[in-house]
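J.: Here the sequence shown is numbered in my numbering, starting from 1 and rising by one per residue.
Even for Gly, the Cβ is constructed at its ideal location relative to N, Cα and C.
Please read all numbers here as calculations on a predicted model, not as lab measurements.
First the structure, then my questions, so here it is.
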Amino acid sequence: MTTGPCHWELLGRSRANDLQLWVALVSPARDPCAEYVAWGHSMLINPWGAVVGELDENPGQLCCVVGRFSSDM
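See below:
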């Protein structure tokens, strides 16, 4: 892993806030035997930069409700 732990969430939250839109960061699950070891941690971020849902480094599914008014804080 190179920059995942330091930058993954920060970059996603920054883009969502800068552009005022929903951002989905999608990453493969971590495979320590792979040539490139992914960080994992897929997440959904609302236009205010808040993480709505997040997975860890293991395989999984993330289900979040995104509606017309779900970005209100």
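(1) Cα separation between Y36 and Q20?
(2) Closest by CA to R13, which one among L55, E57, V65, W48?
(3) Tell me V23's beta-bridge partners as DSSP assigns them.
(4) What do you get for V65, buried or exposed, if any count of 16 or more other CB atoms within 10 angstroms of its CB means buried?
(5) Suppose you measure from the CA of E54 to the CA of G40; what does that come to, to the nearest Å?
T.: In short:
(1) 32 angstroms
(2) W48
(3) I45
(4) exposed
(5) 10 angstroms
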